[in-house]
Amino acid sequence: MKNFSNLKGVNDKILKIKQLLLELEAEATQFPALEKNSKRALASIKMLELNISDIVVFDLADS
Amino acid sequence: MNPQEYWNPVLETMPREKLKILQFKKFKRILNWAYTRSKFHRALYDTAGLTPDDICSFDDIKKIPKVEKSMMRGIQNKDPFPYGDALCVPLEEVSTFRQTSGTTGQPVYQPDTWQDWEWWSECWSFILWAQGYRPRDRVFIPFGYNIFVAFWAGHYAAEKLGCEVVPGGVLDTQSRILKIKELNATAMMATPTYILRMADVAKNKMGIDPSLLSINKITCAGEPGAGIPSTKKRMEDAWGAKVYDHSGATEIGAWSYECSKQPCGMHVNEAMFLVEIEDLNTGEIIEEAGRKGKMIITALDRMAQPCIRFDSKDVIEWDPEPCSCGRSFRLIKGGVIGRSDDITKVKGVLLSPAAIEEVVRSIDGLGNEFEIIVDKQGDVDRIKLKVELLPGVTRLSIENILKDQLRLKTNLGYLIEFYDYGSLPRYEVKAKRFKDLRKKNFNEKEERP
Numbered sequence: 000m001k002n003f004s005n006l007k008g009v010n011d012k013i014l015k016i017k018q019l020l021l022e023l024e025a026e027a028t029q030f031p032a033l034e035k036n037s038k039r040a041l042a043s044i045k046m047l048e049l050n051i052s053d054i055v056v057f058d059l060a061d062s
Numbered sequence: 000m001n002p003q004e005y006w007n008p009v010l011e012t013m014p015r016e017k018l019k020i021l022q023f024k025k026f027k028r029i030l031n032w033a034y035t036r037s038k039f040h041r042a043l044y045d046t047a048g049l050t051p052d053d054i055c056s057f058d059d060i061k062k063i064p065k066v067e068k069s070m071m072r073g074i075q076n077k078d079p080f081p082y083g084d085a086l087c088v089p090l091e092e093v094s095t096f097r098q099t100s101g102t103t104g105q106p107v108y109q110p111d112t113w114q115d116w117e118w119w120s121e122c123w124s125f126i127l128w129a130q131g132y133r134p135r136d137r138v139f140i141p142f143g144y145n146i147f148v149a150f151w152a153g154h155y156a157a158e159k160l161g162c163e164v165v166p167g168g169v170l171d172t173q174s175r176i177l178k179i180k181e182l183n184a185t186a187m188m189a190t191p192t193y194i195l196r197m198a199d200v201a202k203n204k205m206g207i208d209p210s211l212l213s214i215n216k217i218t219c220a221g222e223p224g225a226g227i228p229s230t231k232k233r234m235e236d237a238w239g240a241k242v243y244d245h246s247g248a249t250e251i252g253a254w255s256y257e258c259s260k261q262p263c264g265m266h267v268n269e270a271m272f273l274v275e276i277e278d279l280n281t282g283e284i285i286e287e288a289g290r291k292g293k294m295i296i297t298a299l300d301r302m303a304q305p306c307i308r309f310d311s312k313d314v315i316e317w318d319p320e321p322c323s324c325g326r327s328f329r330l331i332k333g334g335v336i337g338r339s340d341d342i343t344k345v346k347g348v349l350l351s352p353a354a355i356e357e358v359v360r361s362i363d364g365l366g367n368e369f370e371i372i373v374d375k376q377g378d379v380d381r382i383k384l385k386v387e388l389l390p391g392v393t394r395l396s397i398e399n400i401l402k403d404q405l406r407l408k409t410n411l412g413y414l415i416e417f418y419d420y421g422s423l424p425r426y427e428v429k430a431k432r433f434k435d436l437r438k439k440n441f442n443e444k445e446e447r448p
């Protein structure tokens, strides 16, 4: 349960993935396969945000 | 506490004071989202003289106007077609259409983006994990995949958990039982009525004892049966499996679930939803356990068409006891107890006496009086409709029209009894035309006209 007590570290990784996917999506003009798959992946990343990032952002993680 | 029992061990065991902060901050976020993107919500709050900035504490939430289902129908008459101006995303972002059953009137359309569908299956993941679904499970879903939301999200969630899903869509009941037997399916999702129906067919038509099949857990939805001890026992005895309850709705999401401890109630997923219970008479918000009221619910993360302080009309009450599973999510005692406006579920479909009244009174040859009696024939729900023929009108000229209209407006079949004009009871003030004999406390004997 290493991640259990290091939610901030997990959140940092989630934000990095999100940033990369947003960049991929922005670069995807005229490239539907890249755009749509990036968008789908971002929807999954949103579920990580709901599960992890909100706890960190709202300052509810155990210190 | 065994962390492996929870889908999210942090959220599901979060101390209640922190959970309340989480709910408040998420409420503010969805309120801001709706206020800035939905004409409907902005107008609703402007009319009340409120902006999101006026909501400064948890107690302020109750200032936000409720949304009634009837309001959603009005919204749909506006652009963009077919959803109307509660839509918070461009139409091209909508990936999935669903609708309510329409038994209380015009169906409500529900748009969801792909992210909303991820959210739906995320909510169901909490449910299925709590009920013991794991990657080794082979999940059979005997559901007619269609425009109704029902078990769609359960399917997606089971896949997300790593289960193997067998969609039992257009198969008939006997074929479904044979497929469960052939594949050694370990879990199943269906309405209580159908779970019992399948058991009956297996045993009495096919000579198969369902308790000897491989199903070890069943998730129910659509009807209150899995929360009714005697019905749950019948299902568990028939299938030799654990039966779990769950509650959700098209406009809301999958908001509550029974855990593996089977505490005679359901946990509200308070990380994803804010549930308030409102006193039916005074409208005050009930905080304490043991008082029944009407559920007002907010889906905290549903984006395309937000669900903010939705008046669900479900009657519930908080359980005073915490669950032994260790979740801090509160329990509602006995699940959803009923509907505040007398709408009930029959064969998994919401039935409104008003919808039947509308049909009966739209047919010229029928009298004003009628009576609806819902009971069970064996384990299957049945609706008896008693109507009166006007003098000179024959049953033959009416019966097919009536049956067709009822099927069209309510999605249900009826046993119709015709009586001579003047035979049914008359009322002076309030009529009692609807009797649900399935309810535990219904003592009134059916009177013959």
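Taken in sequence, the protein lines are chains F and W.
For what it's worth, numbering that gives the first Met the number 0 labels the leading residue of the first sequence as 0, then goes sequentially.
For what it's worth, numbering that gives the first Met the number 0 labels the leading residue of the second sequence as 0, then goes sequentially.
From the three backbone atoms N, C-alpha and C, an ideal C-beta is built for every residue, glycine too.
Quick one: using the 10 Å Cβ neighbour count with 16 as the cut-off for buried, is Glu368 (chain W) buried or exposed?
The residue is buried, with at least 16 neighbouring Cβ atoms inside 10 Å.
With a cut-off of 8 Å, does the C-beta of Asn31 (chain W) fall near any C-beta of chain F?
For Asn31 (chain W), the answer is no, since every Cβ of chain F falls outside 8 Å of its Cβ.
Helix, strand or coil for Asp380 (chain W) per DSSP?
Looking at Asp380 (chain W) - three-state DSSP - the assignment turns out to be strand.
So, at 6 Å on beta carbons, what are the nonlocal neighbours of Pro448 (chain W) in its own chain, with the 5 sequence-adjacent residues on each side left out?
Caution applies to Pro448 (chain W), whose pLDDT of 31 falls short of 50 and renders its modelled position unreliable; the model cannot decide the point.
Give the secondary structure of Pro228 (chain W) by DSSP, where H, G and I count as helix, E and B as strand, and everything else as coil.
Of the three classes helix, strand and coil, the one that applies to Pro228 (chain W) here is helix, per DSSP.
Which residues in the same chain as Leu365 (chain W) place their Cβ atom closer than 6 Å to its Cβ, once the five residues preceding and following it in sequence are excluded?
Excluding residues within five positions, the ones whose Cβ falls inside 6 Å are Val359, Val386.
Thinking Arg135 (chain W) and Ser327 (chain W) are a contact (beta carbons under 8 Å), I'd like their distance in whole angstroms, please.
Not really, about 28 Å apart at Cβ, beyond 8 Å.
By Cβ distance, which residues of its chain are closer than 7 Å to Pro79 (chain W), with the 5 residues on each side in sequence left out?
Contacts found: Leu86, Leu90.
Does the beta carbon of Asp11 (chain F) come closer than 8 Å to any beta carbon on chain W?
So, not an interface residue.
Flag Glu427 (chain W) as yes if its beta-carbon sits less than 8 Å from any beta-carbon of chain F, otherwise no.
Note on Glu427 (chain W): pLDDT 43, under 50, position unreliable in the model; the coordinate value appears next. No, its Cβ sits nowhere closer than 8 Å to a Cβ of chain F.
Report all residues from its chain with a CB closer than 6 Å to the CB of Phe125 (chain W); omit the five preceding and five following residues, and keep chain order.
So the qualifying residues of the chain are Trp6, Asn268.
Grab me the residues of Lys38 (chain W)'s own chain with a C-beta within less than 6 Å of its C-beta, minus the 5 sequence neighbours each way, in chain order.
Result list for Lys38 (chain W): Asp84, in chain order.
Can you tell me whether Cys122 (chain W) is helix, strand or coil according to DSSP?
Helix, per DSSP.
Going by DSSP, which residues form a beta bridge with Ala186 (chain W)?
Per DSSP, W:Val138, W:Lys216.
Kindly confirm or deny that the stretch 199-206 of chain W and the stretch 159-167 of chain W touch, where touching means at least three C-beta pairs closer than 8 Å.
Output reads no: the stretch 159-167 of chain W does not touch the stretch 199-206 of chain W.
If you draw a straight line from the C-alpha of Ala457 (chain W) to the C-alpha of Arg41 (chain W), how long is it?
Nothing can be reported for residue 457 (chain W): it is not among the residues displayed for chain W, which extend from 0 to 448.
Roughly how many angstroms separate the alpha carbons of Ile315 (chain W) and Leu19 (chain F), rounded to a whole number?
Rounded to whole angstroms, Ile315 (chain W) to Leu19 (chain F) spans 45 Å at the Cα level.
Throw me the rounded Cβ distance for the Thr249 (chain W) and Thr99 (chain W) pair, which I believe falls under 8 Å.
About 5 Å separates the two Cβ atoms, so the contact holds.
In chain order, what residues of the same chain lie with their CB nearer than 6 Å to the CB of Ser43 (chain F), ignoring the 5 residues before and after it?
There are no such residues.
Kindly confirm or deny that the stretch 305-319 of chain W and the stretch 388-405 of chain W touch, where touching means at least three C-beta pairs closer than 8 Å.
Segments in contact, no.
Quick one: is Thr409 (chain W) buried, meaning 16 or more other Cβ sit within 10 Å of its Cβ, or exposed?
Flag for Thr409 (chain W) reads buried.
Would you say Lys232 (chain W) reaches chain F, if we count a Cβ-Cβ gap shorter than 8 Å as a contact?
No, because no Cβ of chain F sits closer than 8 Å to the Cβ of Lys232 (chain W).
For Lys453 (chain W) and Arg308 (chain W), what's the separation of their Cα atoms in angstroms?
Since the first residue shown for chain W is 0 and the last is 448, residue 453 (chain W) is missing from the structure and cannot be characterised.
Closer than 7 Å by C-beta to Ala40 (chain F): which residues in its own chain qualify, once you throw out the five before and the five after it? Chain order, please.
Answer for Ala40 (chain F): Leu20, listed in chain order.
Kindly examine the ligand FMN and report whether one of its heavy atoms sits closer than 7 Å to the Cβ of Ile331 (chain W).
Annotation note on the ligand FMN: not contained in the displayed structure, which lists no ligands.
With which residues is Phe433 (chain W) paired in a DSSP beta bridge?
W:Ile371, per the DSSP bridge assignment.
Take every Cβ of the stretch 167-186 of chain W, pair it with every Cβ of the stretch 127-144 of chain W, and state whether three or more of those distances are shorter than 8 Å.
Judged by Cβ distances under 8 Å, the stretch 167-186 of chain W makes contact with the stretch 127-144 of chain W, as three or more pairs qualify.
Would you kindly work out how many angstroms separate the C-alpha atoms of Asn215 (chain W) and Gly239 (chain W), rounded to a whole number?
Going by the C-alpha atoms only, they are around 7 Å apart.
Three-state secondary structure (DSSP) at Ala298 (chain W)?
Three-state result, Ala298 (chain W): strand.
Could you list which residues in chain W have their beta carbon closer than 9 Å to that of Leu6 (chain F), in chain order?
Near Leu6 (chain F) (Cβ distances below 9 Å), the residues of chain W are Val9.
Roughly how many angstroms separate the alpha carbons of Lys180 (chain W) and Asp199 (chain W), rounded to a whole number?
Each residue's alpha carbon lies about 15 Å from the other.
Taking 8 Å as the cut-off, decide whether the C-beta atoms of Glu509 (chain W) and Lys383 (chain W) are in contact.
Outside the shown range of chain W, which is 0 to 448, sits residue 509 (chain W), and nothing can be said about it.
In or out: Val428 (chain W) buried (at least 16 other Cβ within 10 Å) or exposed?
Low local confidence applies: a pLDDT of 35 at Val428 (chain W) is under 50, so the model's placement there is unreliable, with the coordinate-based value given in what follows. Result: exposed.
Provide the residue span of the alpha helix (DSSP H) that contains Pro31 (chain F), from first to last.
It spans 31-47 - the alpha helix (DSSP H) in which Pro31 (chain F) sits, taken as one unbroken run.
Check Ala288 (chain W) in the structure and name its three-state DSSP category.
In the structure shown, Ala288 (chain W) sits in coil (DSSP, three-state: anything other than H, G, I, E or B).
In the DSSP output, what is Asp419 (chain W) paired with across the bridge?
Partner(s): W:Leu388.
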